Amino acid sequence: MSIATGIGSMPGTDFAESLRLVMGEVGDFVYVPELPARGVHAGMIGRTLAVLDGLDADLQPDGWRVGVGEGVDQRRARSLLAQDLDVAEELAGTHDGPLKLQVTGPLTLAASVERPRGDKMLADHGARREIAESLAEGLRAHVADARRRFPDAELVVQVDEPSIVPVLTGGIPTASGFSRHRSVHPPEADALLRLVTEAITGAGARPVVHSCAPDVPVELLAGAGFSAIAFDLSLARPDDIWAETFEQGTDLWLGVVPSTDTTGVTNTALVTRIAAFFGRFGFDEEAYAARLVVTPTCGLAGASPAWAREALVLAQRVAAG
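Each residue of the sequence shown is one higher than the one before, starting from 24 at the first, in the numbering used here.
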């Protein structure tokens, strides 16, 4: 039997309410929700900057910038994360199954955060390495803290890389908007990702990567040490690399439930889509069921509260077959 979970973000601003919803609907695989509606401090980037070690940041008019000292916004992000983990410990501290935390990956982080003098950290090889190392070191402490809070849980760290494809293909615009940053070549991308996966594994958690972009670089991600790849099934080409990766031991988390409000979606139709995907490669349900995690296609921050609940319910039904 498969299990279900969410990608991370949820609508609304009440953390305790969101976590109770998660525990109620996908309680076999709990995740600590992110609520970006509370502001930039609680968004994907702000949340991850709260985890960094040895690299301070502040919010500038153009967005987050590192190397300018810890500002009130980074302190707010760190405080908010600590408060959320306190609530999560109170509500889920005895959970004895998988429990997932989410962070932004080093490639997307470098493409989103500015250097001290402006433009993205992506522009400089040394800056890219610096932010990846800071993230890796911060994750060691973050996972250790989670281990103390959730002693019986099987900790999973989901690394979100929504910008990985444009980073690899030179699609991230420069500050002027008139040109693009040079592409990061696969060997360097592998090294940056590997810093993170090794930190997670070394701290005793399972590293998983999520990207809802098309043309997910499957071979790169599996080679960097991720034990599972979460992706939007509707954007995935049925290439043999999926089968090869699965056969080599990397699990596939299929995002099949729409992440924004919709109608007419049935669990039967989604089960059929999953079976068709694996069936193309000659895998029957017996071969994939125990390794499959069913998720929404992406985070649920853009959904209505009603659909966020329904999406998790639907994911659970699909996982149950």
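Idealized CB from N, CA, C, for every residue including glycine. Quick caveat, the model's predicted, so the values are computed rather than measured.
1. Answer yes or no: does any C-beta atom of chain C fall closer than 8 Å to that of G305?
2. What did DSSP end up calling V207 once you bin it into helix, strand or coil?
3. On a CA-only basis, which of E40, S199, I252 is nearest P230? Give me that one, please.
4. Just confirm the distance between the C-beta atoms of Q339 and V49, as a whole number of angstroms; I'd bet it's less than 8 Å.
5. Here's the rule I'm using: 16 or more other beta-carbon atoms within 10 Å means buried, otherwise exposed. How should M33 be labelled?
6. Taking Cβ positions, are V232 and V279 nearer each other than 8 Å?
7. Can you list, in chain order, the residues of its chain with a C-beta nearer than 8 Å to that of P328? Leave out the 5 residues immediately preceding and following it.
8. If we count the other Cβ atoms within 10 Å of its Cβ and call it buried at 16 or more, is F254 buried or exposed?
9. Closest to G305 by CA distance: which of A292, R332, A324, P261 is it?
10. Report all residues from its chain with a CB closer than 6 Å to the CB of A159; omit the five preceding and five following residues, and keep chain order.
11. Grab me the residues of F269's own chain with a C-beta within less than 7 Å of its C-beta, minus the 5 sequence neighbours each way, in chain order.
12. Kindly indicate which three-state DSSP category T286 falls into: helix, strand or coil?
13. L258: which of T286, P185, A226, A214 sits nearest, CA to CA?
14. Under three-state DSSP, which class holds V89?
15. Based on the DSSP output, what are the partners of T318 in its beta bridges?
So, to answer that:
1. Absent from the structure: chain C. Only one protein chain is present.
2. coil
3. I252
4. 6 Å
5. buried
6. no
7. P34, G35
8. buried
9. P261
10. L218, V219, A222
11. L275
12. coil
13. P185
14. strand
15. G278
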